[in-house]
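*Asks:* Line by line, the protein sequences are chains A and B. Numbers 122 to 222, taken from the working numbering, label the letters of the first sequence in order. Numbers 122 to 222, taken from the working numbering, label the letters of the second sequence in order.
There are 2 protein chains.
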Amino acid sequence: MEEIESDPAQCPVEGLLKQLSGKWKPQIFRMALAGPVRFNALLRVLEGSSKQAIAVALKEMEQQNLIDKKVIKLKPLHIEYTLSERGKSLVVIFRQLEHLV
Amino acid sequence: MEEIESDPAQCPVEGLLKQLSGKWKPQIFRMALAGPVRFNALLRVLEGSSKQAIAVALKEMEQQNLIDKKVIKLKPLHIEYTLSERGKSLVVIFRQLEHLV
DNA sequence: GCCAATGGTCAAGAATTTTTGACTAATTGA
DNA sequence: TCAATTAGTCAAAAATTCTTGACCATTGGC
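(1) Given a cut-off of 8 Å, decide if A153 (chain A) and L204 (chain A) are closer than it, judged by their beta-carbon atoms.
(2) Checking 8 Å against the spacing of the C-beta atoms, do P147 (chain A) and E219 (chain B) come in under that value?
(3) To which residues of the same chain is S127 (chain A) closer than 7 Å at the C-beta, ignoring the five residues directly before and after it?
(4) What is the residue span of the beta strand (DSSP E) that V192 (chain A) lies within?
(5) So, with DSSP's three-state summary, where would you put L163 (chain B)?
(6) CA-CA distance, M182 (chain A) and S142 (chain A)?
(7) DSSP has V222 (chain A) in a bridge; who is on the other side?
(8) Give a yes or no on whether the minimum CB-CB distance between S171 (chain A) and chain B is below 8 Å.
(9) Tell whether a beta-carbon distance below 8 Å holds between P225 (chain B) and E201 (chain B).
(10) Is there a Cβ of chain B sitting closer than 8 Å to that of R159 (chain A), yes or no?
(11) Going by the CB atoms, is the gap between K144 (chain B) and A174 (chain B) shorter than 8 Å?
(12) Per DSSP, E168 (chain B) forms a beta bridge with which residues?
(13) What in chain B is Cβ-close to S205 (chain A), meaning under 7 Å?
(14) Kindly list, in the order they appear in chain A, the residues whose Cβ is closer than 8 Å to that of V222 (chain B).
This is the structure we're talking about:
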């Protein structure tokens, strides 16, 4: 059915919550925190996940400017996803949340 | 099917994200920010919502200690939901997020 | 007593999200 | 050349979440 898309994020935090919602995004974000992540590596580590789910999550997180996609043209030629500047700026605040969750 | 409940929130922020996920919780949280909210009032204001959805959201948010449920025994005898202390402490951090979303 | 409002519960169906599995295409090692 | 690895896409099925609509109990006004 048609979604009327009534609220263009009248609340900024609500938008952010949605950007990090879903079954795998928080974990992907967290892994990216530790260093660059790769498609198949995520698939192996996130037990119970699927190619589809990982692909969609990565694509959306990239569009939302939470992570950056980089094609590494050397040696084994692969793709790396790293936390973007925006992603990193969120981490600072997440750390504060940890102390009072 | 059985859910194995594998990760008992290895990441505190992930738990919080889940507590505020769902179609109505963010909006209920936001409304509670402005003052006590009531069941039927939410139902009227949140267009497209349902008794069921509101009831479940309120119940879960109460269990998660985000809001407090209070039976007001006077005058028209009703129930009020207000932001709990924990709820209020989160607001401070959400305000910071607003500046860099 | 009757009717409306408050604050729910429950079962069923609709909608959304996620998983499964088949398939693709380029790169690399042997 | 063959096989494996990487990084995907797509359609369909399964699982989860949400809405609909019926129902219920208490309070309050008239």
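For every residue, glycine included, the Cβ atom is placed at its ideal position computed from N, Cα and C.
*Replies:* With the structure as the only source:
(1) The count along the first sequence starts at 1 and reaches residue 204 (chain A) at position 83. The count along the first sequence starts at 1 and reaches residue 153 (chain A) at position 32. With respect to the 8 Å criterion, L204 (chain A) and A153 (chain A) are classified as neighbours on the basis of their beta carbons.
(2) One-based indexing of the first sequence puts residue 147 (chain A) at position 26. One-based indexing of the second sequence puts residue 219 (chain B) at position 98. In this structure, E219 (chain B) does not lie closer than 8 Å to P147 (chain A) by Cβ.
(3) Here the question's residue 127 (chain A) lines up with position 6 in the first sequence. For S127 (chain A), the pLDDT reaches just 43, beneath the cut-off of 50, and the residue's location in the model is therefore unreliable, although a value from the coordinates is still provided. Within the same chain, S127 (chain A) has no close Cβ partners at all.
(4) Locating residue 192 (chain A) in the first sequence gives position 71, where the first residue counts as 1. Run containing V192 (chain A): 188-193, per the beta strand (DSSP E) assignment.
(5) Within the second sequence, the letter at position 42 stands for residue 163 (chain B). Helix at L163 (chain B).
(6) To locate residue 182 (chain A), count along the first sequence from 1; it is residue 61. To locate residue 142 (chain A), count along the first sequence from 1; it is residue 21. Using only the alpha carbons, I get a separation of about 10 Å.
(7) One-based indexing of the first sequence puts residue 222 (chain A) at position 101. Bridge partners of V222 (chain A) according to DSSP: none are assigned.
(8) The sequence position of residue 171 (chain A) within the first sequence is 50, counting from 1. By this cut-off, S171 (chain A) is not an interface position.
(9) Outside the shown range of chain B, which is 122 to 222, sits residue 225 (chain B), and nothing can be said about it.
(10) In the first sequence, counting from the first residue as 1, residue 159 (chain A) sits at position 38. Not closer than 8 Å to any Cβ of chain B, the Cβ of R159 (chain A) fails to qualify, so no.
(11) Translated into the one-based positions of the second sequence, residue 174 (chain B) becomes position 53. Translated into the one-based positions of the second sequence, residue 144 (chain B) becomes position 23. In this structure, A174 (chain B) places its C-beta atom within 8 Å of the C-beta atom of K144 (chain B).
(12) Here residue 168 (chain B) refers to the residue found at position 47 of the second sequence. Paired residue(s): none; E168 (chain B) is not in a bridge.
(13) To locate residue 205 (chain A), count along the first sequence from 1; it is residue 84. Within chain B, no residue has its beta carbon less than 7 Å from that of S205 (chain A); the closest one is some 12 Å off.
(14) Against the second sequence, residue 222 (chain B) aligns to sequence position 101. V222 (chain B) reaches chain A at P133, V134, G136, L137, counting residues in chain order whose Cβ is nearer than 8 Å.
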